[in-house]
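Residue numbers (UniProt numbering): 1 to 1128. Data block below; observations after.
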């Protein structure tokens, strides 16, 4: 038995199991195309041939790919073909770089043969040396292929080769700050792996290179954030790193003039791009699959495979930190995943911690897990970065108590030992984390965790000393704290809505109570073996206490109905506050949670003010005297917002901070505008980074909040150039004015656009204020139409700067807010939007409804006039049918306004025919209660102006017959009264739509078959016309007599009985006409004589002349053999 040799690949290694793939076929085809052109030619001849061939765009990409394959597959001719490629390529080697990024390096790097790998590194060196566009993406992909925890010869060779390339081309590297930061992060991480004596030379080379980057390009490295410190700690014993570490702590200004110290780094969150760069694409794909597709309980075999593949050596234990940081920072599951049976993140992290065999790697993994806790800032950091840490401890208490106690011991000891000078900062960060966890209800109580009876006594003492406030706050009269004891406070300065929080954190906060069986509301996996922290006895005790308290309150109300002072208790604390004093007094009264029927979103006691969004009457029934409740919404002068504002101001430069403080102090509008103009000048002179944009936008949003609160209309009552100019005096419009005065290609527009985009995320009113300014400023300056179009397109630039692709949705979102705040401005700017952005607005049903629901009669009149003048088009014939179908669910006034605009647009009735069968009137069915009287009435009025045609008639007759629906009968009667003969002929054509196919008309019959109207439906409408409208004389016409006779012949016995009254008109017609006309072809007869006479007439007509009239074949279709067979 012979064994076939596997078919080899030019670039990839193959085996019997993994043979060639489609990519190999594609590469071979491209390679053969190039070889076919240049085989046997000299270098000059081949260059000439390739240059000529590359002019054809159809083969350009294939030839580029062929030259790339030849470079990687044949080292002997690689230099020559690379020279040809750089000379003849027409796209700056875009095809080459994209193929390397997405296919060769990104997907198949591990399958490359050894020779191909070496050629690939040679090619990358040449691309970097030449400075080809997008080669930085190729370098970034190669950085990802350097696996952490892997000291195999192949991985070490890749790391060394890449560091050589970057050292040789240092000027190129310095041009890309993100690549500088990624390279620094990567080599700081793998230095930890290269600690053996066999790597001494490589390690020294990497140390010199990385320290050089850190000292010379430290400003670029700052973007790494707090994880830069974590990596430096792991290798701080290296001499050069230790020297840099001392400068980082004791002499930070020597590294960068704007660097204030290590605290600045630790307070900067690390971007997820750095976590991604430390996992190979294959690792990332598998760990994402494990966290998003594997069901909880079925993960064991996947974890074992991952362990064997990537974590089976002592050196690979350092990879666990990379995996934990990636899971925490990059995998943020959605609400659907959290509520499903997919394995949660804490379970994967718990597996990585519990399966670690190295004490050093275990300690580093714990630090990686809690690293974001140390300097957690609720305004900058994401709660999803701290959620896995608390859930690992919670869910490991019973199955893995050692893991829980070790983690608790770690977070207690890390506070004083992480960096003693910053111990207070670390303690504040840990407390912020725990407070945020409780506020967002990641867990409902810390008591089961901090006061576990099975915990070591020393550890419990250490926890109480480290977190005294959390231990005290969770113990109330010996009773367990329940979910309803925690109400998430809502800051008055927060612009994040209820749903925004849910989307941001991946947690569901909509439930006001939590099932007692689970202490963690975002865990979708609570089995029978999970820890329970409540029992029936405690629940009964709490219920009894609540009943006793309610009874006491009722007695107090009866005894003291006029009590001048009352106290109220916060649901989340034991403090009570009086309405006449400013100090809080702690009481021992047992807390009563608010009634379940009270829709309290947030109640927060702060001195004499209770901040609330909604307090209903049942809450006030517990006290006899009304509490002084002061709702505060978006109050920028509150204490909390001043603190928040000062934090954001600290991130800005001193000049900018001074301008903002002056702006805040100024009360006069003109001086405030002058300060904003100075701010714009400062922005133009110094580009802002992303952090500065975010902090500056937060400050401006709070300072401009009062100016943007909806109040009086932006549009003056008397519209004139002077009044419009006066309305543009708002401070916010200074930013708009600077933006519109700059040319579109001016780079200074980008920072200002980015600032406005960030402001728009916080205060949505910025969007429609910009629209108002763009139109109003053009009226003020009387610009020409071209300038007007260019100016209003600044609004599109705002959408692009915000990173949004759905421009139509962006417009609708702003206009919906505008329609609620200022409907007058909406109708005023709508024409400009339709004319400037026709692709997004014309035919947009959602936008049209938004406009119509806020219109009044005078505004509708203005729109109709503009449509008739030709200066406005809101939809066309092709889009009206879709709009009409969607408008069936609109309000009556909106539909009536739509039809007024349809008349102004001269929409023909043909555009409405497709909707006719879907329109309902009265009770068409038991399940349908809505009707479409507005559309039916207006379509009838349009049909009234039309002359009947076969298409219109067929469409009407296809409408389902209902006795209660007079629509079809009404228009038929109207047409019969005015076009009697034409209507009879059209109905005859409809009834005779199913003739015996003849050879010369087969094609036409096939085309009309699709639009055929069922005979039963035609007869139903005709019978309705006879009974409802009394049109019996119309059926006496000869053509209608033919029609009825033909219909009767085609009917079944059941149908004949059903429409007997209609067919009875035929009999009456025959009695009134005893003798048919000579040329008449009667359709029915009770004897055989009429039949014979008709046969003779037909035969004589066929023999008398060969040139028949066009109507003769139609008579020939009405053969009497059907009638004769009936009489027989």
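Using N, Cα and C, we set each Cβ at its ideal position, and we do this for glycine too. Computed from a prediction, not measured in an experiment: that's the story for all the values here.
Burial state of residue i (16 or more Cβ within 10 Å)
| i | result |
| --- | --- |
| residue 875 | buried |
| residue 747 | exposed |
| residue 172 | buried |
| residue 744 | exposed |
| residue 361 | buried |
| residue 298 | exposed |
| residue 221 | buried |
| residue 1131 | Examination of residue 1131 is not possible in this model, given that the chain is present from 1 through 1128 alone. |
| residue 339 | exposed |
| residue 692 | buried |
| residue 277 | buried |
| residue 1041 | buried |
| residue 968 | buried |
| residue 912 | buried |
Contacting residues, own chain, Cβ-Cβ under 7 Å from residue i (five flanking each side not counted)
| i | result |
| --- | --- |
| residue 34 | 63, 66, 67 and 70 |
| residue 193 | 148, 149, 151, 315 and 318 |
| residue 81 | 67, 70 and 71 |
| residue 1157 | In the structure as shown, the chain begins at 1 and stops at 1128. Residue 1157 is therefore absent and cannot be evaluated. |
| residue 758 | 693, 694 and 697 |
| residue 268 | 225 and 226 |
Range covered by the alpha helix (DSSP H) that runs through residue i
| i | result |
| --- | --- |
| residue 46 | 43 to 53 |
| residue 30 | 22 to 38 |
| residue 423 | 423 to 439 |
| residue 271 | Element bounds for residue 271: n/a, residue is neither H nor E. |
| residue 127 | 114 to 130 |
| residue 381 | Note, residue 381: premise wrong, no alpha helix (DSSP H); not H, not E. |
| residue 912 | Segment: none, residue 912 is in no alpha helix (DSSP H) and carries neither H nor E. |
| residue 1039 | 1038 to 1050 |
| residue 1059 | Residue 1059 -> no alpha helix (DSSP H), and no H or E assigned at all. |
| residue 723 | 721 to 727 |
Where residue i falls: helix, strand or coil (DSSP)
| i | result |
| --- | --- |
| residue 875 | coil |
| residue 805 | coil |
| residue 14 | coil |
| residue 295 | strand |
| residue 342 | strand |
| residue 651 | coil |
| residue 234 | helix |
| residue 979 | coil |
| residue 1032 | coil |
| residue 705 | helix |
| residue 398 | coil |
CA-to-CA distance, residue j to residue i, given in whole angstroms
| i | j | result |
| --- | --- | --- |
| residue 90 | residue 57 | 9 Å |
| residue 938 | residue 988 | 28 Å |
| residue 990 | residue 867 | 39 Å |
| residue 1177 | residue 701 | There is no way to answer for residue 1177, as the model of the chain reaches only from 1 to 1128. |
| residue 724 | residue 751 | 28 Å |
| residue 985 | residue 1026 | 17 Å |
| residue 177 | residue 216 | 12 Å |
| residue 678 | residue 385 | 39 Å |
| residue 760 | residue 255 | 36 Å |
| residue 812 | residue 850 | 8 Å |
| residue 292 | residue 342 | 6 Å |
| residue 435 | residue 374 | 13 Å |
| residue 25 | residue 348 | 40 Å |
| residue 1015 | residue 1043 | 11 Å |
Contacting residues, own chain, Cβ-Cβ under 6 Å from residue i (five flanking each side not counted)
| i | result |
| --- | --- |
| residue 132 | 93 |
| residue 134 | 97 |
| residue 272 | 329 and 330 |
| residue 369 | 324 and 389 |
Heavy atom of the ligand FMN within 7 Å of residue i beta-carbon
| i | result |
| --- | --- |
| residue 44 | Within the structure as shown, the ligand FMN is missing, as the structure has no ligands at all. |
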